[in-house]
Each structure stands twice: as structure tokens, then as C-alpha cells.
Amino acid sequence: MKKTGFLIAFLFLTGCASGPVLYPNAHLQRVGETQAQKDVALCEAQADAYVKSDAGIAAAKSMAIGGAGGAVVGGAVGAVTGNLGRGAGVGAAAGAATGLVQGIVRASEPSPVFKNFMIRCLSEKGYEVIGWE
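Right, here's the structure in full:
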């Protein structure tokens, strides 16, 4: 059940991922928005196949770092309140959850290599990429 929740959250966040913004040059005006979207999808598929992604590893690292930091803070609070073990456990869980969410958000952003691949692919098709949204 936890895996299903994680997958839904991951897909929701990656669904918000950004994409290239095309300048309305003569080529875009000639081929139209529908063809441009097809070309963007084709370049994206090529970039996905070519550019290696370590998004899952980055999210896991962020979760581990968050969990460790949370355990330290929770342990310190627990030591002051007289319940070291419980404080460390609660802090670790909260830190891990926060770290995981941060890692997923970062992973939803395309890497600079992915963006460069997309820009070059679209340029070779006649488009001008003016930014990324």
C-alpha cells in the first residue's frame, strides 16, 4: 500500500515537469502547434532513451539524509524531554518524509543534459527553444 501511495505522489509530481518553450519562428508557424507537440514528444522520447537518469537514486539519497538529520534533531528534542528513543524515531520519520518529497520534486525537473539534448534535437528540426517552463 505504501508503494502505491509513493507511486501516485511521484507520478503527480513528475506530471508537473517542465518543458521547452518554442519561439514562434517561421518553421513553427508553418508546421503548426500540433506538429510541434509531436516533434517535442519525439525529441523527449529520444532524450529519455539516451540520457541516463538517476532521479530515483537522488530521491533515495535525499530521503536518507532527511531521515538521518531528523533522527539527530528528534533525538536532541527527546533527550531534553526525557524520551530519547521516541524523539529520535519521530524525528527520523519526519525527516525521511521531508527528504523524500524534496527528492521527488528535484527529480521531476529535467537535468541540464536532458534539456540540452532537447534543445539540440528541436533545433535540428527547425525550432528555436527560448526557455523552459
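Residue numbers (mature numbering (1 follows the signal peptide of the UniProt record, and there is no 0)): -19 to -1, 1 to 114.
All residues carry an ideal CB built from backbone N, CA and C; glycine is no exception.
Which residues share a DSSP beta bridge with residue i?
i     : result
GLY13 : In the DSSP output, where bridge partners are listed per residue, GLY13 has none listed.
LEU3  : VAL110
Straight-line CA distance for residue i to residue j?
i     : j      : result
ALA26 : THR15  : 17 Å
ALA7  : ASP20  : 16 Å
VAL94 : ARG101 : 11 Å
GLN18 : ILE111 : 15 Å
ALA28 : LEU103 : 11 Å
LYS96 : VAL32  : 10 Å
Let me check understanding here. Comparing Cα to Cα, which of the options lies closest to residue i?
i      : options               : result
ARG11  : GLY107, GLU114, ALA28 : GLY107
GLU114 : ALA30, PRO91, PHE98   : PRO91
Measure how close the beta-carbons of residue i and residue j come, nearest whole angstrom, since I'm counting them as under 8 Å.
i    : j     : result
PRO5 : MET99 : In fact, because the Cβ distance is near 18 Å, the residues do not count as touching under 8 Å.
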